[in-house]
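Enquirer: Quick one: structure below, then a few questions.
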Amino acid sequence: MQKSRSNALESTKAFRWIGRAIRVGRVATFTGVVACGVLFGWIGVVRGAAEQRAVHLGHELATLMDVVGGAHTVKINGETVYIASAVTEESPKAVLDRFEAHCLEKTGGLKEQFDAFPPEARAKLEKEMPEAWALRMGVLRDEKPDGTEGTVMCITQDGGGGVDGLLKRLAAFEASGELGELGNFRHAYVRKTETRGSHVLTSFTQGHFDVRKLFSEDEASESPVGVDPPNTPRPPNSFRLLSATIDDEPYGVQIFKTTEDMDAIGEFYERELPKREWIRMAGHLDVGGQIWQRNGVTMIVSMFPGQFGSRGTVTFAEGRTIQANDISPRY
Numbered sequence: 001m002q003k004s005r006s007n008a009l010e011s012t013k014a015f016r017w018i019g020r021a022i023r024v025g026r027v028a029t030f031t032g033v034v035a036c037g038v039l040f041g042w043i044g045v046v047r048g049a050a051e052q053r054a055v056h057l058g059h060e061l062a063t064l065m066d067v068v069g070g071a072h073t074v075k076i077n078g079e080t081v082y083i084a085s086a087v088t089e090e091s092p093k094a095v096l097d098r099f100e101a102h103c104l105e106k107t108g109g110l111k112e113q114f115d116a117f118p119p120e121a122r123a124k125l126e127k128e129m130p131e132a133w134a135l136r137m138g139v140l141r142d143e144k145p146d147g148t149e150g151t152v153m154c155i156t157q158d159g160g161g162g163v164d165g166l167l168k169r170l171a172a173f174e175a176s177g178e179l180g181e182l183g184n185f186r187h188a189y190v191r192k193t194e195t196r197g198s199h200v201l202t203s204f205t206q207g208h209f210d211v212r213k214l215f216s217e218d219e220a221s222e223s224p225v226g227v228d229p230p231n232t233p234r235p236p237n238s239f240r241l242l243s244a245t246i247d248d249e250p251y252g253v254q255i256f257k258t259t260e261d262m263d264a265i266g267e268f269y270e271r272e273l274p275k276r277e278w279i280r281m282a283g284h285l286d287v288g289g290q291i292w293q294r295n296g297v298t299m300i301v302s303m304f305p306g307q308f309g310s311r312g313t314v315t316f317a318e319g320r321t322i323q324a325n326d327i328s329p330r331y
């Protein structure tokens, strides 16, 4: 009888709070996805012979090392995200199953708590809160019906306590912006290759990650950590919104907000970049974009005017220069 009352109490508490927990948890997950997605476009041109930079993550990712072992360290406004690209002979479903299993091993006690619910409590939650119930473990999985593509996202939690523990960690996260208070972000995108097997893009955090430093429209709150484009002056009257770079590789993205007119920005770079030995390859003032090369690095400068009195945006994207005869699909 005591155990039954305890289970009923736990189910009632979950019924009241799981919706809020899942909603806030999804916000944290989405924030991480946005951050990690910034440099996914560059993964296709990163060489596959990377050093094993994820080995220090230890046993937590040991069962997934064949798809994350070649990870690159990415700095986004000074915060560290690990991104990896790999090919495996496994099917997309098999890879997604492995990542989901990894997520379910570290739910902070949620899995054990919900598994212990009496059948009537489970049925009530599933009926009255179907979306929250489907996401009760904090694992988001979506895949195409034909099995050719899919994704898994979660925040692995080392702490216990079930729903109570999750709410405490959520409160700490909301107060500090520190994702590490919740756990470690995990994301896998998998698609079937044209031949066989799967192409896997993974991104993850480990420990400290302050989501407040990712994006800000407030000039005064600009993160002091980060880098400007290499050998390139900042746009006049601007502040840096985002800086993202890959370790030991000439790949990066920087975003600036400015009050200057975009034509003036274009003229500024056409005047200043040649002084720093950049050679213009394409682009002109009337197309809102320029392509420059210097010492084996290609840099794309894009300019977007603001609307309704808002600041304009200037973005820089750098990558290693690839010769025409060297362009081929890389998975």
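Residue numbers (UniProt numbering): 1 to 331. Yeah, the Cβ is synthetic: ideal placement off N, Cα and C, and Gly gets one too.
(1) Buried or exposed: which applies to G312, given that a residue is buried once 16 or more other Cβ atoms fall within 10 Å of its Cβ?
(2) Would you list the residues sitting across from K144 in a DSSP beta bridge?
(3) Note down, in chain order, each residue of its chain lying with its Cβ closer than 6 Å to the Cβ of P233, except the 5 sequence neighbours on either side.
(4) For D247, I'd like the list of residues in its chain whose CB is within less than 8 Å of its CB, leaving aside the five on either flank, ordered along the chain.
(5) Just checking my contact of G197 with E100 at CB under 8 Å: how many whole Å lie between their CB atoms?
(6) When you compare only the Cα positions, how much space is there between G147 and M299?
(7) Here's the rule: buried if 16 or more other CB atoms are within 10 angstroms of the residue's CB, otherwise exposed. What is F256?
(8) In terms of residues, what are the limits of the beta strand (DSSP E) holding K168?
(9) Starting from the N-terminal side, write out each stretch of the beta strand (DSSP E) that is 3 residues or longer and does not extend beyond the segment 221 to 290.
(10) Is it buried or exposed, E181, if we count other Cβ atoms within 10 angstroms and call 16 or more buried?
(11) Just the C-alpha distance for A172 and L166, rounded to the nearest angstrom, thanks.
(12) Between the C-alpha atoms of A116 and N184, what's the straight-line distance to the nearest angstrom?
(13) Over the uninterrupted alpha helix (DSSP H) stretch that includes E100, give me the two end residues.
(14) So the beta strand (DSSP E) K75 belongs to, where does it begin and stop?
(15) For L201, report the span of its beta strand (DSSP E) as first-last.
Expert: Checking against the coordinates, here is how it stands:
(1) buried
(2) Note: K144 sits in no beta bridge, so no partner.
(3) E272
(4) R53, H72, T73, V74, K75
(5) The Cβ separation is near 19 Å, so there is no contact.
(6) 37 Å
(7) buried
(8) Note, K168: premise wrong, no beta strand (DSSP E); alpha helix (DSSP H) at 162 to 176.
(9) 238 to 246, 252 to 258, 279 to 284
(10) buried
(11) 10 Å
(12) 25 Å
(13) 92 to 104
(14) 72 to 76
(15) 198 to 204
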